[in-house]
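A short worksheet on the structure shown next.
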Amino acid sequence: MEPVIIIGAGLAGCEAAWQLAKRGVPVELHEMKPQRMTPAHHSPDFAELVCSNSLRSDQLENAVGLLKEELRRLDSLILSCADAHRVEAGGALAVDRHAFSAAVTEKIRSHPLITVVEGEVTALPAEGNVIIAAGPLASEGLTAAIHAAFPQSATLNFFDAAAPLVSFESVVMDHAWFASRYDKGTADYINCALSREEYFAFWKELTAAQEAEVHGFEDKSVFEGCMPVEVMARRGEDTLRYGPLKPKGLKDPRTGREPYAVVQLRKDNAQGSVYNLVGFQTHLKWPEQKRVFSMIPALKNAEFLRYGVMHRNTYLRSPGFLNRYYQVKEAPRLMFAGQITGVEGYVESTASGVLCAIELARRLEGKAPADFPQETAIGALALYISNESVTDFQPMNVNFGILPPLGYKIKGKREKNAAISQRALDALAGLIIQ
Ligand SMILES: Cc1cc2nc3c(=O)[nH]c(=O)nc-3n(C[C@H](O)[C@H](O)[C@H](O)COP(=O)(O)OP(=O)(O)OC[C@H]3O[C@@H](n4cnc5c(N)ncnc54)[C@H](O)[C@@H]3O)c2cc1C
11 MEPVIIIGAG
21 LAGCEAAWQL
31 AKRGVPVELH
41 EMKPQRMTPA
51 HHSPDFAELV
61 CSNSLRSDQL
71 ENAVGLLKEE
81 LRRLDSLILS
91 CADAHRVEAG
101 GALAVDRHAF
111 SAAVTEKIRS
121 HPLITVVEGE
131 VTALPAEGNV
141 IIAAGPLASE
151 GLTAAIHAAF
161 PQSATLNFFD
171 AAAPLVSFES
181 VVMDHAWFAS
191 RYDKGTADYI
201 NCALSREEYF
211 AFWKELTAAQ
221 EAEVHGFEDK
231 SVFEGCMPVE
241 VMARRGEDTL
251 RYGPLKPKGL
261 KDPRTGREPY
271 AVVQLRKDNA
281 QGSVYNLVGF
291 QTHLKWPEQK
301 RVFSMIPALK
311 NAEFLRYGVM
321 HRNTYLRSPG
331 FLNRYYQVKE
341 APRLMFAGQI
351 TGVEGYVEST
361 ASGVLCAIEL
371 ARRLEGKAPA
381 DFPQETAIGA
391 LALYISNESV
401 TDFQPMNVNF
411 GILPPLGYKI
421 KGKREKNAAI
431 SQRALDALAG
441 LIIQ
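Taking the numbering used here, the leading residue of the sequence shown gets 11, the next gets one more, and so forth.
Below, the structure written as structure tokens:
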């Protein structure tokens, strides 16, 4: 059998390669790292998490928790490596990013049916089945080739930012304490307290701090789900206190009261030597990040191991261009997977790789499509991005709004969401997928 060509060994590309290979389909996986790095990738390993180390909620009452459970049941490589390298993060699935990527890389490189080819792909392969999983930062050469082949699909852009990392030993714990919100679960976060005066001084400097030049960026083109902290701050003096600096449910043990505002730090590696600033994605100039973020009392001596950065993300105008199997309608041997299709997030990118590969393997075996129904999160996402009636197409996180309503009333949001999740898992169990 001719190998399937996959471009990009990120989350979607590795997952697609794994799903195909485990079904006996040979794969040629092209990755430009480490010869060429995107502005956000730094490691030679595959499936690199470019920003947060969190794959978000792991609860079934949450849509991304449901999507994860579906992926586990579909034997996702990304989920199994994430579960194996999780670090404590309350109800979320967070991972040791280096151990996670190393595990994925090892599984991919050691699979007998996967051949890794190093180097940038700058032209669309002329023949064969091809999955383009080059991510939101696909190289310019490849993006130009996509444009040339499908000018009508016109790629769209938005901006996304990453948050800084600090060393644990530099956090001044006299101004911080370990806890999770409402003391639920284990005390996984470091909570950095700010008094009213400290908050306003910080807020004022943040709104006026110097930003790095990002070509073509305006505040209005940011993705609402990953908004730079300084952009959020400019929306009003209390916006941060209702967002990432929300103090609710976090009582400072020294005063017995909720502080005026709280910055949370989440463990970024298994040893707990590195922490990231939750919700602090930013595109301030690096010296400004150091100056302004060091105004948070617990971070006054912070050692910044990585500064936040911001990038332009590219995605396709998928509705009308791709079908529910992530195939290009007018050239079905070409498929796209991952964030470039307009699904948004680590887990969503992984899910598109799973679905695209399962359906491709079935076509190659002459089987009918699995047709993941809209009742499943994985199916709902594919149906959303390929839905021609969606006009103002924006990157889409998985959410219960894209699944059909239950059709009957259930009291309580958690209970309702749990029922939607159960229906999804039942629907998935009903699909016969080898
Ligand atoms: C700055 C930034 C921050 C983000 N933060 C988060 C976050 O915190 N949480 C979250 O859930 N999502 C986040 N995302 C969104 C998204 O989930 C990630 O981008 C995710 O990695 C997408 O997975 P992917 O497989 O589509 O692409 P990627 O993981 O980016 O993988 C694409 C791979 O293709 C390779 N490649 C690119 N072009 C070529 C080429 N021409 N030839 C060969 N190889 C090529 C790249 O080197 C890369 O390894 C962020 C995105 C960006 C850009």
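Beta carbons: idealized from backbone N, C-alpha and C, even for Gly.
For residue i, the nearest candidate out of the options (CA to CA)
| i | options | result |
| --- | --- | --- |
| R244 | K277, V273 and F210 | F210 |
| L413 | A73, Q29 and S64 | A73 |
| V131 | V357, G101, S90 and M47 | M47 |
| G289 | N409, Q299 and G253 | G253 |
| A292 | P135, M242, H95 and L374 | As written in the sequence, residue 292 is Thr, which differs from the Ala given in the question. Checking every option, the nearest Cα to that of T292 belongs to M242. |
| C4 | D436, V176, A57 and H51 | The structure shown does not extend to residue 4, since the chain is modelled only from 11 through 444, so no value can be given for it. |
| G318 | P238, G151 and R433 | P238 |
| T386 | F410, K377 and H157 | F410 |
| R372 | I443, R424 and S304 | I443 |
| G355 | H121, G75, D381 and H52 | G75 |
| L294 | Q337, Q274, P269 and E221 | E221 |
| S190 | E268, A148 and Q432 | E268 |
| R15 | Q432, A347, L416 and E425 | Contrary to the premise, residue 15 reads as Ile rather than Arg in this sequence. Nearest of Q432, A347, L416 and E425 to I15, Cα basis: A347. |
| V181 | A378, A308 and V364 | A308 |
| S362 | P49, I88 and K194 | I88 |
| T196 | L416, K117, V284 and A102 | A102 |
| N139 | K300, H51 and V37 | V37 |
| R206 | I306, V127, I200 and I156 | I306 |
Backbone CA spacing between residue i and residue j [nearest angstrom]
| i | j | result |
| --- | --- | --- |
| D402 | S328 | 11 angstroms |
| L344 | T217 | 45 angstroms |
| D248 | L255 | 9 angstroms |
| A92 | R82 | 10 angstroms |
| A99 | G330 | 39 angstroms |
| E10 | W296 | Coverage of the chain is limited to positions 11 through 444, which leaves residue 10 absent and any answer about it impossible. |
| L438 | G259 | 36 angstroms |
| A280 | N63 | 11 angstroms |
| G282 | A109 | 13 angstroms |
| K277 | E313 | 15 angstroms |
| G422 | E71 | 11 angstroms |
| A154 | E369 | 27 angstroms |
| L21 | R264 | 43 angstroms |
| I124 | G34 | 10 angstroms |
| G18 | A392 | 20 angstroms |
| P250 | V353 | A small fix is needed here, since residue 250 is Leu in this sequence, not Pro. Going from the Cα of L250 to the Cα of V353 covers about 26 angstroms. |
| H40 | A26 | 12 angstroms |
| F160 | Y335 | 18 angstroms |
| L204 | K78 | 35 angstroms |
| T351 | R433 | 26 angstroms |
| P135 | G151 | 13 angstroms |
| N167 | A144 | 15 angstroms |
For residue i, three-class secondary structure by DSSP
| i | result |
| --- | --- |
| K32 | coil |
| V302 | helix |
| E114 | Sequence check: residue 114 is Val here, not Glu. Helix, per DSSP. |
| T132 | coil |
| T125 | strand |
| R327 | coil |
| R316 | strand |
| A378 | coil |
| V181 | coil |
| E221 | strand |
| A341 | strand |
| S242 | Inspection of the sequence shows that residue 242 is occupied by Met rather than by Ser. In the structure shown, M242 sits in a helix (DSSP, three-state: H, G or I). |
| R96 | strand |
| V408 | coil |
| V364 | helix |
| V74 | helix |
| V400 | coil |
| Q294 | It is Leu, not Gln, that sits at residue 294 in the sequence shown. Three-state result, L294: strand. |
Bridge-paired residues (DSSP) for residue i
| i | result |
| --- | --- |
| A102 | S67 |
| H321 | D170 |
| Y285 | V176 and K277 |
| I200 | F188 and L275 |
| D262 | R267 |
| I17 | H40 and I142 |
| F346 | I142 |
| E58 | DSSP output for E58 lists no bridge partner at all. |
| L332 | P329 and V338 |
| V357 | None, per the DSSP bridge assignment. |
Check: residue i C-beta below 7 angstroms from any heavy atom of ligand 2
| i | result |
| --- | --- |
| H321 | Absence of ligand 2 is noted for the structure shown, with ligand 1 being the only ligands found. |
Closer than 8 angstroms to chain B by CB, residue i
| i | result |
| --- | --- |
| H52 | Absent from the structure: chain B. Only one protein chain is present. |
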